[in-house]
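Engineer: Below is a structure I'd like to ask you about.
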Amino acid sequence: MKLRSIFIVAGIVLAGNSSYAQYTSDVLRFSQPEFGATARFKGLGGAQTALGGDISSLSANPAGLGFFTKSDFSFTPEFNNFKVGSEYLGNNVSDSKSKAGINQIGVVFYSPVNKAKGSDLNNGWVSLNFGIGYNKTNNFNSSITYSGKNAKSSMADYFANLAGNTTTGNLSSGSLEKMAYDNYLIEYDPTGYFPTTALNNNQQNIIRRTGSQSEVNIGMAGNYGNKLYLGLSLGLTNIDYTSDLAYSEGGNNLTYAGQDPVFVNGTYSFGYNSIQQTKGNGVNAKLGLIYKPVNELRLGLSFVTPTWYSLTDNYSENLNTKYKRADGTSIPEYTNPLSNYNSEYSLRTPYKVSGGVAYIFGNSGLITADAEYVDYSSIHFSSNFANEETNTNRDIASLYKGNFNYRAGLEFKLIDQFMIRGGYSYSGSPYKNLDFTTQAYSGGLGYRFDNYYLDVTYRHTKWESTNSPYTISSDYPDYSFTGAGPTANLKNSADNVFLTFGVKF
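So the sequence shown is residues 37 to 541, counted in our numbering.
Spelled out as structure tokens, the structure:
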């Protein structure tokens with residue numbers, strides 16, 4: 037688990053740089069799901085705490101289920117395009133990935149409370165509604181590519197840093213530093229390990245991520261006097277995440293005393309590959325209320341408990357190296373068998389508290405807005421390895437902080453059956469010392485006919501992050517020259533289209 041903690045200081049997600057998954061960055065990744073929503077509520081920027089009347093309420097404020105006066109079924113497919121523009125060592129590269137899927141499906145059952153004929157419906161309980169729905173809450177699909185010429189360091193510096201003061205005979209079998217030593221990428225002398233690679237090497241890193249985070253919610257809500265709406269739901273969550281990394285580097289061999297003549301004035305190229313697969317399940321609960329002081333105004337409050345996850349990591353890596361002599365002839369390739377690691381851990385994500393207000397302009401339209409607080413420093417990691425648990429939780433507390441997220445939306449009825457919507461959301465940075473915020477802009481249309489409805493929304497999301505192919509610790513002998521290692525600055529964007537089909541019955 038060497039050097040895991042320091043790797044995530046520079047950015048949101050780091051590539052697989054050790055023999056194990058990077059827990060500190062992963063627990064943040066899995067703690068940032070969005071609320072599941074239909075195309076309508078996505079078009080409103082996701083501002084749903086006070087609005088209600090949509091199956092999306094199951095995942096955000098279940099009190100909103102109390103507004104239903106008919107049973108309702110909805111289904112939302114999606115199309116996503118993710119783009120990443122990178123700047124690395126002065127070189128700019130862009131990459132993209134597209135994928136379609138199912139974003140939401142669910143049903144609400146309207147259940148009126150039996151009352152004597154002629155009773156005042158504004159007194160006592162009016163209805164008790166139930167709902168169940170599936171939502172995709174996080175989409176991990178992305179493709180990142182960056183490359184450049186490095187005049188300060190090589191990944192071989194990272195390998196030498198990993199080896200530390202361990203003698204050659206005591207390097208752990210299957211470890212990355214042992215692979216590097218067997219591939220002649222690092223050598224040992226009385227002062228310690230050093231890289232055999234010269235500077236001004238060409239580097240490229242390609243990261244392919246797939247998978248998603250999803251949730252099934254089962255909930256209920258009551259309508260009391262058409263004034264107060266109370267609800268609760270149980271969330272059963274799932275994570276399925278894969279990160280496939282392919283790093284390559286090539287350049288001239290370093291010339292040093294005692295060097296094997298076969299490598300003198302030659303060249304090298306190596307490839308480091310890793311695959312991380314994380315799977316698991318979790319559970320949470322949601323409580324909420326919506327109050328209407330007057331018929332046009334709605335005030336909402338919701339609380340989402342932490343999600344308690346049980347997760348399993350499967351991680352594999354290998355390193356293969358090719359050399360050419362000074363005359364250009366090839367030396368047989370040095371290969372290593374795949375090293376595999378498995379680990380299990382528990383994760384407790386932060387709780388969320390949201391407040392919202394919505395104003396209904398009769399049959400003409402509405403405006404809705406939310407504010408949400410999330411404390412990312414409260415993320416908790418549990419493992420069977422005490423040092424691993426202590427160090428990871430220490431880094432979580434030192435790197436992450438609480439922040440506010442804001443969402444707002446407008447809806448106007450163009451004619452009796454057509455509606456137009458617009459929305460905006462802002463998510464604050466979870467980092468204490470990095471300003472990595474996320475903004476999303478959305479717009480959509482809605483059509484109602486008889487007991488059927490159709491909604492479509494386009495959303496554009498943008499955020500910045502960083503990624504490092506390797507990170508060198510400050511105790512490395514050449515740290516004053518190499519620094520912590522290179523970092524790619526990433527500009528990310530996502531263009532999503534959501535289409536909801538619904539029927540009331």
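Here a beta-carbon is modelled for each residue, glycine too, at the ideal position from N, C-alpha and C. Quick caveat, the model's predicted, so the values are computed rather than measured.
Taking only the alpha-carbon atoms, compute the straight-line gap between residue 473 and residue 120 and give it to the nearest angstrom.
Structural biologist: In a straight line, the C-alpha of residue 473 is about 16 Å away from that of residue 120.
Engineer: Measure the alpha-carbon distance for residue 95 versus residue 253 and round it to whole angstroms.
Structural biologist: Whole-angstrom Cα-Cα distance: 7 Å.
Engineer: What residue does the alpha helix (DSSP H) around residue 36 start on, and which one ends it?
Structural biologist: A question about residue 36 goes unanswered here, because the residues of the chain that appear run from 37 up to 541.
Engineer: Any contact between the segment 429 to 442 and the segment 488 to 497? By contact I mean 3 or more CB pairs, one from each, below 8 Å.
Structural biologist: The segment 429 to 442, when compared against the segment 488 to 497, does not touch it at the 8 Å Cβ threshold.
Engineer: In the DSSP assignment, find the beta strand (DSSP E) that holds residue 266 and state where it starts and stops.
Structural biologist: Per DSSP, residue 266 belongs to the beta strand (DSSP E) from 264 to 288.
Engineer: How long is the line joining the alpha carbons of residue 465 and residue 377, rounded to whole angstroms?
Structural biologist: When rounded, the distance between both Cα atoms is 32 Å.
Engineer: Kindly indicate the opening and closing residues of the alpha helix (DSSP H) around residue 332.
Structural biologist: Per DSSP, residue 332 belongs to no alpha helix (DSSP H) and is neither H nor E.
Engineer: In this structure, does DSSP put residue 70 in helix, strand or coil?
Structural biologist: Note: residue 70 maps to coil in three-state DSSP.
Engineer: Name the residue from 122, 300, 384 and 427 whose alpha carbon lies nearest to the alpha carbon of residue 365.
Structural biologist: Among 122, 300, 384 and 427, the Cα nearest to that of residue 365 belongs to 300.
Engineer: Could you round the C-beta distance between residue 449 and residue 401 to whole angstroms and report it? I think they count as a contact, below 8 Å.
Structural biologist: So it is a contact: roughly 6 Å between Cβ atoms.
Engineer: In terms of alpha-carbon separation, which member of 502, 507, 234 and 395 lies closest to residue 519?
Structural biologist: If we check each option's Cα against that of residue 519, 507 comes out closest.
Engineer: Which of the three DSSP states is assigned to residue 520 in this structure?
Structural biologist: It is coil, neither helix nor strand.
Engineer: Measuring straight from C-alpha to C-alpha, what distance separates residue 134 and residue 261?
Structural biologist: Cα-Cα distance, rounded: 47 Å.
Engineer: Can you tell me which of the three DSSP states residue 472 falls into?
Structural biologist: Three-state DSSP puts residue 472 in coil, outside helix and strand.
Engineer: For residue 527 and residue 497, I'd like the C-alpha separation in whole angstroms.
Structural biologist: Taking the straight line from one Cα to the other gives about 11 Å.
Engineer: At the level of alpha carbons, what is the spacing between residue 297 and residue 420?
Structural biologist: If you take the alpha carbons of residue 297 and residue 420, they lie about 48 Å apart.
Engineer: Under 6 Å Cβ to Cβ from residue 284, same chain only, skipping five residues before and after it: list those, please.
Structural biologist: Hits under 6 Å: 240 and 307.
Engineer: Taking its Cβ as the centre, do 16 or more other Cβ atoms sit within 10 Å of residue 104, making it buried, or is it exposed?
Structural biologist: Buried, because 16 or more other Cβ atoms sit within 10 Å of the Cβ of residue 104.
Engineer: Do residue 305 and residue 286 have their CB atoms nearer than 8 Å?
Structural biologist: Yes, Cβ-Cβ distance for residue 305 and residue 286 is below 8 Å.
Engineer: Just to confirm, are residue 179 and residue 131 a CB contact at a threshold of 8 Å?
Structural biologist: Their beta carbons are under 8 Å apart, which means residue 179 touches residue 131 by this criterion.
Engineer: Please classify residue 388 as buried or exposed, where buried requires at least 16 neighbouring CB atoms within 10 angstroms.
Structural biologist: With 16 or more other Cβ atoms within 10 Å, it is buried.
Engineer: For the segment 323 to 342 and the segment 79 to 99, state whether three or more C-beta atom pairs, one from each stretch, are separated by less than 8 Å.
Structural biologist: The answer is yes - the segment 79 to 99 touches the segment 323 to 342, with three or more Cβ pairs under 8 Å.
Engineer: Would you call the segment 142 to 150 and the segment 159 to 171 in contact, with 3 or more CB pairs under 8 Å?
Structural biologist: Touching, yes, given that three or more Cβ pairs across the two stretches are closer than 8 Å.
Engineer: Near residue 391, which residues of its chain fall below 6 Å by C-beta distance, leaving aside the five closest residues on each side in sequence?
Structural biologist: Cβ neighbours of residue 391 beyond the five flanking positions: 337 and 407.
Engineer: Taking the alpha-carbon positions, what's the residue 66 to residue 249 distance?
Structural biologist: One C-alpha to the other measures close to 8 Å.
Engineer: Taking C-alpha atoms, which residue in 243, 136, 268 and 194 lies nearest to residue 510?
Structural biologist: Answer by Cα proximity: 194.
Engineer: So which of 302, 290, 247 and 291 has the shortest CA-CA distance to residue 279?
Structural biologist: Closest by alpha carbon: 247.
Engineer: Alpha carbons only, please: which of 495, 75, 455 and 212 is nearest the one belonging to residue 399?
Structural biologist: Comparing Cα positions, the closest option is 455.
Engineer: Grab the span of the alpha helix (DSSP H) containing residue 198 for me, first residue to last.
Structural biologist: Looking at the DSSP string, the run of the alpha helix (DSSP H) that includes residue 198 is 191 to 199.
Engineer: For residue 274 and residue 317, which I take to be in contact (beta-carbon distance under 8 Å), what is that distance rounded to the nearest angstrom?
Structural biologist: Right, the Cβ-Cβ distance comes to about 5 Å (below 8 Å), so this counts as a contact.
Engineer: Under a Cβ-count criterion, where at least 16 other Cβ atoms within 10 Å of its own Cβ denotes burial, should residue 71 be classed as buried or exposed?
Structural biologist: Buried, by the Cβ-count rule.
Engineer: What would DSSP say about residue 246, mapped onto helix, strand or coil?
Structural biologist: Strand at residue 246.
Engineer: Can you tell me whether residue 541 is helix, strand or coil according to DSSP?
Structural biologist: Reduced to three states, the DSSP call for residue 541 is coil.
Engineer: So the beta strand (DSSP E) residue 65 belongs to, where does it begin and stop?
Structural biologist: Not the beta strand (DSSP E): residue 65 falls in the alpha helix (DSSP H), residues 59 to 65.
Engineer: Nearest to residue 137 by alpha carbon, out of 540, 534 and 538?
Structural biologist: Measuring from the Cα of residue 137, the nearest candidate turns out to be 534.
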